[in-house]
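Engineer: I'd like to ask some things about the structure below.
There are 4 protein chains.
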Amino acid sequence: MLILMKSNASADQLGAVAARVAEIGLTAHPLQSASRTVVAVTGELNGHDPALFSSLPGVAKVMRLTVAFKLAAREVREEDTVVDVAGVKIGAGQKLAVMAGPCSFESPQQVLAIARAVKAAGATIMRGGLFKPRTSPFSFQGLGKDGFKLMDDVRRETGLKFVTEAMDEEGLELVEQHADMIQIGARNMQNFSLLRKAGKARKPVLLKRGMSATLEEWLTAADYVLSGGNTQVVLCERGIRTFATHTRNTLDLSAVPAVKELSHLPVIVDPSHGTGFRQYVAPMALAAVAAGADGIMVEVHNDPDKAKSDGGQSLYLEQFSELMQAIPAVAKAVNRAV
Amino acid sequence: MLILMKSNASADQLGAVAARVAEIGLTAHPLQSASRTVVAVTGELNGHDPALFSSLPGVAKVMRLTVAFKLAAREVREEDTVVDVAGVKIGAGQKLAVMAGPCSFESPQQVLAIARAVKAAGATIMRGGLFKPRTSPFSFQGLGKDGFKLMDDVRRETGLKFVTEAMDEEGLELVEQHADMIQIGARNMQNFSLLRKAGKARKPVLLKRGMSATLEEWLTAADYVLSGGNTQVVLCERGIRTFATHTRNTLDLSAVPAVKELSHLPVIVDPSHGTGFRQYVAPMALAAVAAGADGIMVEVHNDPDKAKSDGGQSLYLEQFSELMQAIPAVAKAVNRAV
Amino acid sequence: MLILMKSNASADQLGAVAARVAEIGLTAHPLQSASRTVVAVTGELNGHDPALFSSLPGVAKVMRLTVAFKLAAREVREEDTVVDVAGVKIGAGQKLAVMAGPCSFESPQQVLAIARAVKAAGATIMRGGLFKPRTSPFSFQGLGKDGFKLMDDVRRETGLKFVTEAMDEEGLELVEQHADMIQIGARNMQNFSLLRKAGKARKPVLLKRGMSATLEEWLTAADYVLSGGNTQVVLCERGIRTFATHTRNTLDLSAVPAVKELSHLPVIVDPSHGTGFRQYVAPMALAAVAAGADGIMVEVHNDPDKAKSDGGQSLYLEQFSELMQAIPAVAKAVNRAV
Amino acid sequence: MLILMKSNASADQLGAVAARVAEIGLTAHPLQSASRTVVAVTGELNGHDPALFSSLPGVAKVMRLTVAFKLAAREVREEDTVVDVAGVKIGAGQKLAVMAGPCSFESPQQVLAIARAVKAAGATIMRGGLFKPRTSPFSFQGLGKDGFKLMDDVRRETGLKFVTEAMDEEGLELVEQHADMIQIGARNMQNFSLLRKAGKARKPVLLKRGMSATLEEWLTAADYVLSGGNTQVVLCERGIRTFATHTRNTLDLSAVPAVKELSHLPVIVDPSHGTGFRQYVAPMALAAVAAGADGIMVEVHNDPDKAKSDGGQSLYLEQFSELMQAIPAVAKAVNRAV
């Protein structure tokens with residue numbers, strides 16, 4: 120931590136800062152610059168909030184030198200984490216993980232038709248919401264737990280693994296029990312109670328980036344899961360909220376190399392929510408692969424024009440199949456297999 | 120809803136759009152413009168997602184004409200809602216509600232010292248977190264339910280009412296039982312399970328705006344609470360996330376007149392989280408009052424330099440007292456009492 | 120400047136950083152923390168770019184400790200600057216400056232009608248564009264230099280002073296010659312050639328904040344003007360670009376106290392562009408005054424429904440008059456006169 | 120254009136809107152919906168500002184149905200434009216354009232060393248600033264017009280073409296005379312005087328996206344150039360300003376497929392400014408190619424640690440060479456040659 124004093128800070132104010140630093144067991148190193156004093160603080164901050172110092176008289180600014188996340192940090196663990204979703208390995212140069220399926224499960228016919236198609240095209244994990252976080256209480260809220268039976272049937276027939284979102288603690292127990300991977304959605308990325316519960320689960324977690332989350336906040340959210348003992352976390356970039364209106368969100372693909380630098384956790388990309396428009400999904404999926412993502416998550420529907428949610432951003436079955444044919448060459452160009 | 124066709128859309132594509140509109144019980148009115156056709160759709164959309172149409176062939180863009188929120192809308196209820204927090208009335212030109220207190224409850228001494236001071240300065244509702252939504256699992260997480268006894272003691276002595284945050288369903292039950300108002304924090308603004316639970320509670324709800332929430336998303340989140348039968352919702356603007364770095368968040372005071380136009384619910388402002396720096400809290404609190412807010416929520420601490428959280432944005436007791444002396448003249452200038 | 124080394128940086132890498140620091144005449148102070156080394160650098164950076172160091176092997180991050188702006192900084196000049204617009208003083212607790220007028224000058228009748236009304240209501244400076252920075256080349260581009268005669272006529276009759284925008288170097292010469300204050304618009308805030316030219320002008324400058332400018336960039340843009348010898352710069356907050364859609368821009372009123380802390384220059388607020396909707400202008404103008412602004416700039420039109428630009432955000436003459444009646448009480452509450 | 124009336128709008132208000140529509144030569148089609156009236160307006164808006172109607176009594180909202188840009192629109196010209204930079208063709212499935220070079224020209228040795236290396240690696244156009252738009256007036260401002268001789272020497276030796284930025288009208292004349300392509304920088308994207316001048320130039324223009332520009336604003340800026348008669352415009356995505364801090368800007372690769380849908384102009388990507396950190400440049404360059412970009416612009420330096428500007432985001436010569444070896448496979452995967 121660094122404490123930048125104001126240029127007109129008094130010696131007394133500097134002394135008080137140093138005293139406060141000592142009081143919490145840290146060491147202060149005052150440095151005289153041309154125009155002002157900087158106090159470098161060494162030692163472990165532990166729970167202490169750097170912002171504390173920003174309110175002391177004479178202090179201009181406080182800068183944390185280390186990141187807030189610990190367990191997710193590359194510095195804690197040099198080698199890449201491999202996450203195992205019922206046998207499908209994600210991360211560390213493993214084959215690209217391809218998760219595909221509808222926004223929501225709607226009916227047995229719909230789920231089965233999509234499952235067969237995405238399986239045939241090469242996906243290994245199926246996505247599909249049972250509990251939907253809808254902006255309005257008057258929108259379709261998902262099939263709920265009735266969908267788990269569908270999941271079991273389709274898994275039996277196709278061998279696909281399943282990832283689905285848990286929106287609350289009760290739902291998380293059900294998802295843990297029935298699905299192969301627990302999704303924490305963007306809106307719940309800082310639902311800390313839910314994250315703690317996911318940290319106790321025995322299934323891997325897919326943690327989507329919050330709409331306005333910095334990488335530090337995202338990785339610190341991962342720390343909530345990791346600190347509970349669940350080491351199996353995959354991060355998913357799904358677009359951030361910006362002023363741009365040509366897409367539903369702005370897909371921040373730079374998060375891929377940046378997360379890989381900062382963390383040992385695998386990172387995949389969701390170009391469907393990341394753009395919001397079907398016609399941009401394939402180019403951005405290919406771009407995600409070229410940027411080094413460990414996988415993609417794509418919305419696919421057998422009849423998107425009649426989908427109960429997210430129809431406009433779902434690929435037709437044939438479009439997904441075409442995308443899957445284009446991916447291997449890009450993956451190979453960056454030394455990945457599919 | 121309006122469906123804007125592409126300039127090169129075919130008659131067949133237009134026909135298919137009209138057919139799909141009819142299929143869900145709505146009426147299509149095609150309008151020929153200079154360069155393209157626009158289909159105006161009348162009737163009740165109900166659960167149907169306008170995005171559905173954006174994926175039909177030949178469609179350029181779909182625009183919803185009505186807002187997603189219903190129960191929170193001014194159109195549904197013309198007169199302002201008055202929220203009653205154990206006798207303290209908020210909204211509809213009532214006296215300005217002043218909520219003040221520490222970020223977190225830390226100890227009986229701290230709570231009591233602050234309570235006496237804010238009461239003396241004129242606050243009627245005390246704030247203070249027991250369950251803290253901290254970015255990192257390694258930060259101070261609050262006193263938890265032990266804090267409720269403190270609340271009872273201070274209420275007995277001072278008559279202050281209490282608002283405190285609930286982070287999950289279990290916590291919400293406790294807060295409902297012991298506090299006078301249930302706060303839903305910015306990070307949980309779209310925690311729909313929690314909102315539904317708050318809709319069943321018999322205590323008023325303070326719903327903070329999410330960090331990247333549009334007014335429409337915020338008011339639609341309020342719909343979750345209102346649709347459960349709880350009509351007592353106060354909205355709280357607390358800053359949004361932007362590129363600006365001179366403040367922790369960018370306080371969007373225009374939300375005050377805009378919410379009043381769109382909704383019948385009261386709206387207050389939190390200049391502490393809205394700026395993140397103590398020295399900006401008073402000017403922005405006065406600005407909030409001038410903009411027409413129904414109240415303010417301010418962080419105050421008896422020893423902010425040693426606060427366990429948010430010390431840098433908490434006012435000293437004397438500063439809060441000075442602010443409270445400055446407010447009445449501004450309030451009077453916009454026809455409000457304190 | 121601080122150079123944060125990676126936790127696994129080698130002694131050689133540290134040595135190379137120190138050598139590079141010495142090479143440009145600065146002093147390196149390596150500090151050993153628990154997990155990594157921080158190099159504090161003292162001395163004058165002058166033209167050197169801190170980013171240079173971020174590319175050296177072993178460096179994790181570089182942080183500048185001082186701000187980029189110099190001449191605009193409060194540290195360089197403690198007392199507030201007073202800007203004199205042909206006798207109208209702005210800043211340092213002087214009377215609130217009220218600038219009002221149409222987006223664009225359209226005709227003698229329009230300009231005169233508005234001039235008389237805003238003068239009667241209490242404005243001292245009239246605004247009005249002759250050279251308009253329109254997003255599209257097919258929109259109305261302003262009267263151009265024919266408008267200066269109008270300006271002279273109205274000045275003679277009413278005594279109002281004039282501020283108008285210069286969009287290029289040629290226009291700036293004309294504006295300098297005919298108007299009382301030169302406006303640099305938001306889109307040109309980093310048009311450095313234009314800023315340099317304004318620095319040579321003998322008229323005061325109104326520098327609007329760019330749509331996505333940090334305070335540091337804004338004040339550093341002011342440095343371009345100040346470094347040319349023109350000390351008469353007034354800053355104008357006019358809203359920033361965010362994800363929010365209920366207003367045209369998000370008016371960042373916290374810029375007012377923050378600029379006053381960082382700089383000695385006066386700062387005013389434009390709630391017309393800052394919101395984009397007539398009904399939000401008055402509440403935000405009052406809020407700006409309460410936040411401590413040195414003045415306001417408001418769009419007013421005698422027939423906004425027929426205005427050639429910005430009609431939707433222009434006040435009717437009577438609305439402006441009402442606003443001017445409401446302002447003194449708010450101003451007085453924060454110890455300002457109008 | 121669509122005019123959405125308030126739900127409580129009166130018949131008189133509706134009549135006044137219709138009358139105003141007729142007054143400017145357009146036709147109003149009122150449509151009765153369940154809860155409100157929508158007036159669809161047909162005819163050519165020409166210079167009229169849709170915002171005009173938003174201020175009429177009883178109007179809730181005005182929506183433009185057509186985009187503001189005309190000449191840049193795909194609807195005006197179906198086939199892709201090919202831009203010819205002294206023989207190097209860009210767009211319409213032509214070979215990927217690779218522009219590379221230093222942020223600024225610093226010395227003959229530097230320019231020549233970089234030129235030889237990027238030429239050898241496969242670049243066909245060299246970039247390099249002579250007139251630098253620096254945030255601070257105290258930073259290095261570029262070699263100025265002395266650099267043109269350097270450009271001539273290097274062109275003679277290597278055959279490379281040159282693109283360099285013009286910051287003002289005087290500079291534009293020089294750049295037009297000496298370089299092969301005129302760059303309009305992000306900060307000048309809405310410097311309309313400069314754009315008009317570029318529209319009269321006989322050299323192709325590289326128009327960078329403004330830091331907070333929507334695609335509509337960007338393409339409408341292109342209209343300024345196109346409307347002057349210069350049809351040779353290449354667009355360049357270079358990152359937008361968001362809340363994210365792990366990169367200098369957020370590279371919005373979705374702009375590539377979106378621009379291709381909306382416009383006939385070629386679009387390239389600058390991953391150097393788009394990320395700000397050397398280590399993210401190669402992954403994002405590959406991602407840009409996968410997303411369908413018509414080319415890339417990359418900062419390369421022979422000694423980035425000593426560069427006078429942007430050293431931290433410049434590739435070493437060897438890194439650029441490696442990137443150029445990786446690109447063909449990605450390009451081929453999306454049916455492009457290099």
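Residue numbers (the working numbering), protein chains in the order written: chain A, 120 to 457; chain B, 120 to 457; chain C, 120 to 457; chain D, 120 to 457. A virtual CB, placed ideally from N, CA and C, is assigned to each residue, including glycine. Every value quoted in this text rests on a predicted model; they were computed, and no experiment measured them.
Which residues mark the beginning and the end of the beta strand (DSSP E) in which A/P149 is found?
Structural biologist: Unbroken beta strand (DSSP E) run through A/P149: 146–151.
Engineer: Flag this pair as yes or no: are the beta carbons of C/G212 and C/K238 separated by less than 9 Å?
Structural biologist: No, the pair does not count as a contact, with Cβ atoms beyond the cut-off.
Engineer: How many angstroms separate the CA atom of D/R246 from the CA atom of B/Q438?
Structural biologist: 56 Å
Engineer: Pair every Cβ in the segment 245–263 of chain B with every Cβ in the segment 339–359 of chain A, then say whether three or more of these pairs are closer than 8 Å.
Structural biologist: yes
Engineer: If I'm right that D/T394 touches A/S373 with Cβ under 8 Å, what's the distance once you round it to whole angstroms?
Structural biologist: 5 Å
Engineer: Taking the continuous beta strand (DSSP E) assigned at A/A219, which residues delimit it?
Structural biologist: 216–220
Engineer: Please decide whether A/M270 counts as near chain B, where near means a Cβ-Cβ distance under 9 Å.
Structural biologist: no
Engineer: Buried or exposed: A/K268, going by 16 or more other Cβ atoms within 10 Å of its Cβ?
Structural biologist: exposed
Engineer: Would B/T364 be called buried (16 or more neighbouring beta carbons within 10 Å of its own) or exposed?
Structural biologist: exposed
Engineer: Can you name the start and end residues of the alpha helix (DSSP H) that A/L269 belongs to?
Structural biologist: Annotation: the continuous alpha helix (DSSP H) that includes A/L269 extends over 266–277.
Engineer: Give every residue of the same chain whose Cβ lies closer than 6 Å to the Cβ of D/S391, excluding the five residues on either side of it in the sequence, and list them in chain order.
Structural biologist: For D/S391, where only same-chain residues beyond five positions count, the Cβ hits under 6 Å are V400, V417, E418, Q432.
Engineer: What does D/M124 touch in chain B if you count any residue whose Cβ is under 7 Å from its own?
Structural biologist: Those within 7 Å of D/M124 in chain B number zero; the least Cβ separation is about 10 Å.
Engineer: For B/D424, which three-state DSSP category applies?
Structural biologist: helix
Engineer: Run the CB neighbour count on A/R455, radius 10 Å, all protein chains shown included, and call it buried at 16 or more, exposed below.
Structural biologist: buried
Engineer: Use the C-beta contact count for B/N349: other C-beta atoms within 10 angstroms, 16 or more gives buried, fewer gives exposed.
Structural biologist: Label assigned to B/N349: buried.
Engineer: Within 10 Å of its beta-carbon, does A/V127 have 16 or more other beta-carbons around it, so buried, or fewer, so exposed?
Structural biologist: Rather than Val, the amino acid found at residue 127 of chain A in this sequence is Asn. Exposed, since its Cβ has fewer than 16 Cβ neighbours within 10 Å.
Engineer: With a Cβ-Cβ cutoff of 9 Å, do C/L123 and C/M182 count as a contact?
Structural biologist: yes
Engineer: For the putative contact between C/D203 and C/Q351, defined by C-beta atoms under 8 Å, what is the C-beta separation to the nearest angstrom?
Structural biologist: 7 Å
Engineer: Counting only beta-carbon separations shorter than 9 Å, does C/T394 have a partner in chain D?
Structural biologist: Taking Cβ atoms only, chain D never reaches closer than 9 Å to C/T394, which makes this a no.
Engineer: What is the DSSP secondary structure of C/M120, reduced to helix, strand or coil?
Structural biologist: coil
Engineer: Three or more beta-carbon pairs under 8 Å between the segment 140–153 of chain D and the segment 184–204 of chain D, yes or no?
Structural biologist: no
Engineer: Using a beta-carbon distance below 9 Å, is B/K327 in contact with chain A?
Structural biologist: For B/K327, the answer is no, since every Cβ of chain A falls outside 9 Å of its Cβ.
Engineer: What does the Cβ neighbour count give for C/K327, buried or exposed, with the cut at 16 atoms within 10 Å?
Structural biologist: buried
Engineer: Put A/V195 into one of helix, strand or coil per three-state DSSP.
Structural biologist: coil
Engineer: Taking Cβ positions only, does C/D429 come closer than 9 Å to chain D?
Structural biologist: yes
Engineer: Restricting to Cα atoms, I'd like to know which of A/A377, A/F362, A/A409, A/I387 is closest to D/R397.
Structural biologist: A/A377
Engineer: Quick check: the Cα distance between C/K208 and C/V457, rounded to an integer number of angstroms?
Structural biologist: 12 Å
Engineer: Nearest to C/L345 by alpha carbon, out of C/A147, C/L334, C/A159, C/R321?
Structural biologist: Of C/A147, C/L334, C/A159, C/R321, the residue nearest in Cα terms is C/R321.
Engineer: Please report how far the alpha carbon of A/V157 lies from the alpha carbon of C/L434, in whole angstroms.
Structural biologist: 50 Å
Engineer: Do you know offhand how far B/A298's Cα is from B/P323's?
Structural biologist: 10 Å
Engineer: DSSP state of A/R183, grouped into three classes?
Structural biologist: coil
Engineer: Looking only at C-alpha atoms, which of C/E441, C/A205, C/D424, C/L370 sits nearest to B/A406?
Structural biologist: C/L370
Engineer: Since B/E194 meets chain D, which of its residues come closer than 7 Å, beta carbon to beta carbon?
Structural biologist: Under the 7 Å cutoff, chain D gives S126.
Engineer: According to DSSP, simplified to helix, strand and coil, what is D/G395?
Structural biologist: If DSSP states are grouped into helix, strand and coil, D/G395 belongs with coil.
Engineer: Any beta carbon of chain A sitting closer than 9 Å to that of B/R139?
Structural biologist: yes
Engineer: From this set, D/V449, D/G414, D/V453, which residue's C-alpha is nearest D/A242's C-alpha?
Structural biologist: D/G414
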